[in-house]
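Novice:
Protein chains in written order, with this note's numbering: chain A, 13 to 274; chain B, 78 to 298; chain C, 45 to 113.
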C-alpha cells in the first residue's frame, strides 16, 4: 500500500520532491496569508466583547494549532524512520523542528500580547499558554539533543526517540495542565472560549490556518534540502547540482575567479 | 533468571562501592529544601503550603543528578556492549538495571522524607500522601529518565542536556503528585491523583524498557 | 471594510499597540526563519563547489609533482 512512498527514501528523489513542492508552498503561503491577514484585520467584524484586540486570533490560533501539529508530524517522521530505516525521514523530522519552535514562539508571543489588554498582564499561567510553553521546551530538547551529536545519523535516531517520548507526553501534559489550571484559578478565564464563532470571523481564520500550513511546508522543504546537501556533500549528484547552480548564479561575474584564487 | 540476578547483584555492589555518588544527590536534595525557608519565608503556614511542591521539585532535580550514573560506567567500560552481544534481551537487562538503580537512589530518598516533612511542617496526612506519591512516582522518574540517559550516555556534556530533555516530561507527574499532597492537607480524598500516577507508571513500565533498549543501541551505534 | 478611515484602521479601536506588535513580531519571525533557511542553501551549495575545486587543485598539484620528479 505504501510502496509509492519508498522511492523518497533516497535522498536524491526527496531532494527533487522538495524542489518541485517548494514554489507551490511559497506561493500558497503568500496568497493565503495575505488574504487571511487583510481580511481578518480590516474586513472581519469586531468582537462585541473584546473589540479589535480579538484580531490577534488570526495569527494566534493558527500558530498554536500548527505548533502542536508540527510536533506530531515530527513524531510520525521519527516513527517512519525507525520502522523503515529511512535517513530521509529523520532528516525531515529535524527539518521541521525549528519551524515548529518558531510557531510555538509565535503562539506564545501573540498569546501574551493578547493577554495584556484582556487580563491586564503579559503573562498569566493560563492552561493553554502553559502547555504551549512546555511544548517549546520539548522542541528545544529535540533540537539540543540533535545538535549534541557529532554523527548526524545517530543524532537523528536519538532526537527521534525524544520526539516520540514527547508526543506520548503531549496529551498527558495538556490535560494535566488544564486540570491543574482549573484547580488553581477556577473558571475565571473563559474570555477565549467563545462558544461559537461567526462565519465572517471564521473564514479568514481558516484561510490563515491554511497559509501557516503552507508556510511550514515551504520552510520544511527548504530545510530538508539543506539537510540533504549537508549530509551528502560528497555524492556526485550533489556536486553536479552545486556546480550547475553556482555557475548559473555567478556566471559572468568576476567572483568566480576570485574564489578560485583564494 | 540467574543471569539477571547476577546483573542486579553486580549493580548493587558497584553502587555501594561508590558511596559518594549515592550520598551526594541526597545532600543536594536536603540543601535545596533548606533554601526555601531561607529564600521564601520560615513561617510554618507558608512552608506547609509550598512544602509538597518544594519536596517534589527537589526530588526531581536530585534524581536528574543521580540518573547520570545509570548507564555511564557500563557504557565506558564496555559492559553494555557485552550485554548486547550476550544474547540476553536488552529490554529485560535495562529493566533490571533500572530497578537496581531505583533501589539504591530512591529508597534512601524515601528514608530521608520524614526529615524533609518536618522541615517543611507537613502534617501526618500530608506526609502519608507524600510517601505514597513518592513510592509511585519515583519509579516513573527512573523509567522515563533512563530513556534520556540511554540517549545521552555517549555524549561528553550530557548533564545539562539530560535536564533539558527530562524536566518538561516530568511536569505531569509533578502536577499530580503535589495536588495529591495538597488534597491530603485539606482532608480530601486523593485516590484519583494516585490512580493517574499509577496509570502513568504502568504505561511507562510496559513501554520504557523497549525505548531504553533502543536508545542504548543508538548510543552504542 | 470595518473601519471608517485609514487612521481608524491603524488605531485598531485603541488596541493598536498589541495588535500591530503581534502581527509585526509574527511576520518578522517568519521572515527570519524563511530567509535563514533559503540563504543557507545557497551557502551550502557554494561550499560544495569550493570544496570540489579545492580537491581538484590538490589532485592537479600532486599530478604535477609526480610529473616533475
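Where a beta carbon is used, it is the ideal one built from N, C-alpha and C, also for glycine. The structure displayed is predicted, hence computed values, not measured ones.
Closer than 7 Å, Cβ to Cβ, to anything on chain A: give me those residues from the region 79 to 91 of chain C, in chain order.
Specialist: So the close ones are 81, 82, 84, 85, 88, 89 and 90.
Novice: Closer than 8 Å between beta carbons: that is the criterion. Which residues of the region 285 to 296 of chain B meet it against chain A?
Specialist: Within the region 285 to 296 of chain B, the qualifying residues are 288, 291, 292, 295 and 296.
Novice: How many angstroms separate the CA atom of residue 26 of chain A from the CA atom of residue 100 of chain A?
Specialist: Cα to Cα, residue 26 of chain A sits roughly 7 Å from residue 100 of chain A.
Novice: Quick one: grab the DSSP three-state call for residue 59 of chain A.
Specialist: Three-state result, residue 59 of chain A: strand.
Novice: To the nearest angstrom, how far is it from the Cα of residue 277 of chain B to the Cα of residue 266 of chain B?
Specialist: Taking the straight line from one Cα to the other gives about 19 Å.
Novice: Go through its chain and collect everything with a Cβ distance to residue 232 of chain B's Cβ below 8 Å, but skip five positions before and after it.
Specialist: Same-chain partners within the cutoff: 238.
Novice: State the DSSP-derived secondary structure class of residue 198 of chain B, mapped to helix, strand or coil.
Specialist: Of the three classes helix, strand and coil, the one that applies to residue 198 of chain B here is coil, per DSSP.
Novice: Apply the 10 Å Cβ neighbour rule to residue 192 of chain A and answer buried if 16 or more other Cβ atoms are within range, or exposed otherwise.
Specialist: Flag for residue 192 of chain A reads buried.
Novice: Can you find the residues in the same chain that come closer than 7 Å, C-beta to C-beta, to residue 214 of chain A, ignoring five residues on each side of it along the sequence?
Specialist: Same-chain partners within the cutoff: there are none.
Novice: On the three-state DSSP scale, how would you describe residue 216 of chain A?
Specialist: The answer is helix: DSSP assigns residue 216 of chain A an H, G or I state.
Novice: Counting only the same chain and skipping the five closest in sequence on each side, list residues whose C-beta sits under 6 Å from that of residue 210 of chain B.
Specialist: So the qualifying residues of the chain are 254 and 257.
Novice: Within the same chain, show all residues whose beta-carbon is closer than 6 Å to that of residue 182 of chain B, passing over the 5 residues directly before and after it, in chain order.
Specialist: 143, listed in sequence order.
Novice: Tell me which same chain residues have a C-beta within less than 6 Å of the C-beta of residue 220 of chain A, skipping the five on either side of it?
Specialist: Cβ neighbours of residue 220 of chain A beyond the five flanking positions: 48, 70 and 74.
Novice: Residue 214 of chain B to residue 64 of chain C, Cα distance in whole Å?
Specialist: The alpha-carbon atoms of residue 214 of chain B and residue 64 of chain C are separated by roughly 46 Å.
Novice: Please name the residue, chosen from B:178, B:228 and B:291, that lies closest to residue 95 of chain B on a Cα-to-Cα basis.
Specialist: Nearest C-alpha to residue 95 of chain B: B:178.
Novice: Along the region 114 to 129 of chain A, where does the CB come closer than 8 Å to a CB of chain C? Name the residues.
Specialist: If the cut-off is 8 Å between Cβ atoms, the region 114 to 129 of chain A has 114, 117, 118, 121, 122, 125, 126, 128 and 129 near chain C.
Novice: Let me see if you follow: with CB-CB separation under 8 Å, is residue 191 of chain B close to chain A or not?
Specialist: No, because no Cβ of chain A sits closer than 8 Å to the Cβ of residue 191 of chain B.
Novice: To the nearest angstrom, how far is it from the Cα of residue 125 of chain B to the Cα of residue 141 of chain B?
Specialist: Rounded to whole angstroms, residue 125 of chain B to residue 141 of chain B spans 25 Å at the Cα level.
Novice: Contact criterion: CB-CB distance below 8 Å. Does residue 104 of chain C meet it with respect to chain A?
Specialist: False, the Cβ-Cβ gap to chain A never drops below 8 Å.
Novice: If the cut-off is 8 Å on Cβ atoms, which residues from the region 240 to 258 of chain B count as contacting chain A, listed in chain order?
Specialist: So the list reads 241, 242, 244, 245, 246, 248, 249, 252, 253 and 256, given in the order they occur along the chain.
Novice: At the 8 Å Cβ level, is residue 192 of chain A part of the contact set with chain B, yes or no?
Specialist: Yes, because at least one Cβ of chain B sits closer than 8 Å to the Cβ of residue 192 of chain A.
Novice: Starting from the N-terminal side, write out each stretch of the alpha helix (DSSP H) that is 4 residues or longer and does not extend beyond the region 146 to 200 of chain B.
Specialist: Those alpha helix (DSSP H) runs which fall completely within the region 146 to 200 of chain B and span 4+ residues are 146 to 153, 156 to 162 and 167 to 196.
Novice: Excluding the five sequence neighbours on either side, which residues of its own chain have a C-beta within less than 6 Å of the C-beta of residue 41 of chain A, listed in chain order?
Specialist: The residues are 223, 226, 227 and 230.
Novice: Excluding the 5 residues preceding and the 5 following residue 60 of chain C in the sequence, name in chain order all residues of the same chain whose CB lies nearer than 8 Å to its CB.
Specialist: Cβ within range, chain order: 54.
Novice: Please report the distance separating the alpha-carbon of residue 85 of chain A from that of residue 106 of chain C.
Specialist: Taking the straight line joining both Cα atoms gives about 50 Å.
Novice: Determine the direct distance from the alpha carbon of residue 259 of chain B to that of residue 202 of chain B, and round the result to whole angstroms.
Specialist: In a straight line, the C-alpha of residue 202 of chain B is about 10 Å away from that of residue 259 of chain B.
Novice: Leaving out the 5 sequence neighbours to the left and right, which residues in its chain are closer than 6 Å to residue 154 of chain A when beta-carbon positions are compared?
Specialist: Counting only Cβ-Cβ distances below 6 Å, and skipping sequence neighbours, we find 109, 171, 174 and 175.
Novice: Counting only C-beta atoms, is residue 51 of chain C closer than 8 Å to chain A at any point?
Specialist: With 8 Å as the cut-off, residue 51 of chain C does not count as an interface residue toward chain A.
Novice: Does DSSP classify residue 231 of chain B as helix, strand or coil?
Specialist: In the structure shown, residue 231 of chain B sits in coil (DSSP, three-state: anything other than H, G, I, E or B).
Novice: Please classify residue 151 of chain B as buried or exposed, where buried requires at least 16 neighbouring CB atoms within 10 angstroms.
Specialist: So residue 151 of chain B counts as buried.
Novice: Comparing alpha-carbon positions, which option in A:260, A:58, A:258 and A:242 lies nearest residue 24 of chain A?
Specialist: With distances taken between Cα atoms, residue 24 of chain A lies closest to A:242.
Novice: Using 10 angstroms around the beta-carbon of residue 60 of chain A, count the other beta-carbons present and answer buried if the total reaches 16, otherwise exposed.
Specialist: Exposed, since its Cβ has fewer than 16 Cβ neighbours within 10 Å.
Novice: Suppose you measure from the CA of residue 264 of chain A to the CA of residue 258 of chain A; what does that come to, to the nearest Å?
Specialist: Confidence at residue 264 of chain A is low in this model, with a pLDDT of 48, below 50, so its placement is unreliable and the value that follows should be read with caution. If I take the Cα positions, the gap works out to 12 Å.
Novice: Which same chain residues end up closer than 8 Å to residue 127 of chain A when comparing Cβ atoms and leaving out the 5 residues on each side of it in sequence?
Specialist: The answer, listed in chain order, is 133, 134, 135, 136, 138 and 141.
Novice: According to DSSP, simplified to helix, strand and coil, what is residue 105 of chain B?
Specialist: Helix, per DSSP.
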